[in-house]
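Take a look at the structure below.
Chains as they are written, first to last, in the working numbering: chain L, 50 to 161; chain Y, 12 to 125.
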């Protein structure tokens with residue numbers, strides 16, 4: 050089955066700096082890669098996703114890149130703000146009938 | 012729309028007690044999931060239901076049972092709670108089928124087994 054590795058487990062950045070979180074996946078059949086943000090006391094929420102026919106996707110200050118050959122994808126947050134502080138999860142899936150497989154999460158702290 | 016609703020939000024059980032966690036979604040989604048979240052372990056899949064009438068084991072099914080009551084509801088039962096089941100439990104749903112789309116999560120149930 051699919052296995053998703055996520056690094057780093059914790060990340061601290063100064064407000065205004067960029068943050069990068071990286072994930073690798075094992076199943077070359079996976080073709081959908083979402084990123085979720087979990088704020089304290091809440092369930093995870095989708096912030097951006099990418100499909101395997103696309104190499105990069107941007108939405109304001111966040112972007113995701115995908116390297117299918119190397120089987121890794123990354124989340125980039127620019128101009129970080131204190132409200133970006135949260136736990137971020139990457140995930141991978143190859144079929145709508147199979148569950149998302151999540152990485153272990155990255156706790157991002159943005160220091161004002 | 013309420014999205015995914017879980018009840019209860021908090022629960023304390025004694026070892027050996029049983030309980031059922033309830034989950035309902037109002038998005039007409041086909042697939043529903045139960046995950047547990049433990050520090051440093053991420054989100055681990057307990058059971059899922061790809062469609063009404065089907066259920067399958069996930070990564071950590073031991074000690075749990077599920078029921079897909081109808082398309083809206085998917086419950087998780089602990090028959091004899093153990094301290095190792097202390098965790099935060101999340102229910103989620105997706106459209107499923109050929110559609111790989113966003114998973115919606117409930118607010119979570121924080122369970123403590125003493």
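Think of the CB as a built atom: it goes at the ideal place given N, C-alpha and C, for glycine as much as any other residue.
If residue 155 of chain L sits next to residue 73 of chain L, beta carbons under 8 Å apart, how far is it from one beta carbon to the other, in whole angstroms?
-> As a first step, residue 155 of chain L is located in the first chain; it is residue number 106 there, counting from the start. As a first step, residue 73 of chain L is located in the first chain; it is residue number 24 there, counting from the start. Between residue 73 of chain L and residue 155 of chain L the Cβ distance is about 13 Å, and since that is not below 8 Å, they are no contact.
Report yes or no: is there a C-beta of chain Y within less than 8 Å of the C-beta of residue 57 of chain L?
-> Numbered from its first residue, the first chain carries residue 57 of chain L at position 8. No, residue 57 of chain L does not count as interfacial toward chain Y.
Hey, could you find the ends of the beta strand (DSSP E) residue 61 of chain L is sitting in?
-> Sequence index remark: in the first chain, residue 61 of chain L carries index 12 (1-based). Segment 59–63, the beta strand (DSSP E) holding residue 61 of chain L.
Name the one or two DSSP bridge partners that residue 54 of chain L has.
-> Reading the first chain from its first residue, position 5 is the one you call residue 54 of chain L. L:73.
7 Å CB neighbourhood of residue 96 of chain L in its chain, flanking five on each side removed | Indexing the first chain from 1 puts residue 96 of chain L at position 47. Only 84, 85, 86, 111 meet the Cβ criterion.
Beta strand (DSSP E) containing residue 43 of chain Y: first to last residue?
-> Here residue 43 of chain Y corresponds to residue number 32 of the second chain, with the count starting at 1. From DSSP, the beta strand (DSSP E) with residue 43 of chain Y extends over 42–49.
Pick out whichever of Y:67, Y:86, Y:101, Y:62 has its Cα sitting closest to the Cα of residue 39 of chain Y.
-> Numbered from 1 along the second chain, position 28 holds the residue referred to as residue 39 of chain Y. When each option's Cα is compared against that of residue 39 of chain Y, the closest is Y:62.
DSSP bridge partner residues for residue 70 of chain Y (one or two, in chain order) = By 1-based counting over the second chain, the position of residue 70 of chain Y is 59. None; residue 70 of chain Y has no bridge partner.
Should residue 27 of chain Y be labelled buried (16 or more other beta-carbon atoms within 10 Å of its own) or exposed?
-> By one-based count along the second chain, residue 27 of chain Y stands at place 16. Exposed is the call here.
Please decide whether residue 152 of chain L counts as near chain Y, where near means a Cβ-Cβ distance under 8 Å.
-> Translated into the one-based positions of the first chain, residue 152 of chain L becomes position 103. Yes - at least one Cβ of chain Y is within 8 Å of the one on residue 152 of chain L.
Rounded C-beta distance between residue 152 of chain L and residue 69 of chain L? I'm assuming under 8 Å.
-> Sequence index remark: in the first chain, residue 152 of chain L carries index 103 (1-based). Sequence index remark: in the first chain, residue 69 of chain L carries index 20 (1-based). Not really, about 14 Å apart at Cβ, beyond 8 Å.
What residue from Y:34, Y:23, Y:29 has the CA that sits closest to residue 79 of chain Y's CA?
-> Numbered from its first residue, the second chain carries residue 79 of chain Y at position 68. Of the listed residues, the one whose Cα sits closest to residue 79 of chain Y is Y:34.
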